[in-house]
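Here is the structure we will look at.
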Amino acid sequence: MRSTVERQLRDKQIARLTHARELLVCMPEYVASLVEPESALEKKRLLEADLLELRLNKERGVLVQPHEIRAGLATMAVILRKAGDALGRQFGPEAQLILVEALEDAVEPVCKAIDESTMEGGKGHEL
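Using my numbering, the letters of the sequence shown map in sequence onto residues 1 to 127.
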C-alpha cells in the first residue's frame, strides 16, 4: 500500500513538473502580450485580471510554488536514491552510479528553469 501511495504522489508531482515546463515555454508570448496594451488603463485592467486569475488558481490548488516543485523533486530523489542503493548492492557500484547520474541530469534542468522563472518575477506555476 505504501508503494501505491508513493507512486500516486510521484505521478502527481511528475504531472505538475510537466505542466510547469509547458508554462515556461509559453511565458515569452505571455510577457509580449502585456508589453503592447493600447493604453495605461488597458494595461492596468490586464494586470488586475492576471492577479485575480493567480489568486483563483491558488485557491483552486492549481498553482504550484517553486518551493513545492523543489520539495516534489526532493521526494522523488529520495525514492530513486533508495532504488540506487538497492541496485548498488545487487549489481555493483556501476549500476548505482548510472541511476545517480540520470537523477542529477533529470533534476538539474527543472531546477534551473525554476530559478530562471523566479528571477524573472514568476510567482508560481500552474498545474
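Glycine included, each C-beta is placed from N, C-alpha and C at the ideal position. Just so we're clear, the structure is a prediction, and the values are computed from it rather than from any experiment.
Measuring CB atoms only, is the stretch 106-115 touching the stretch 63-81, in the sense that at least three cross pairs come out at less than 8 Å?
At 8 Å Cβ cutoff, the stretches touch.
With the cut-off set at 8 Å, would you say P66 and I98 are in Cβ contact?
no
In this structure, how does DSSP classify V64 when only helix, strand and coil are distinguished?
strand
Between A86, R89, A77, which lies nearest to E101 when the distance is taken from Cα to Cα?
A77
Would Q90 be called buried (16 or more neighbouring beta carbons within 10 Å of its own) or exposed?
Q90 is exposed by the Cβ-count criterion.
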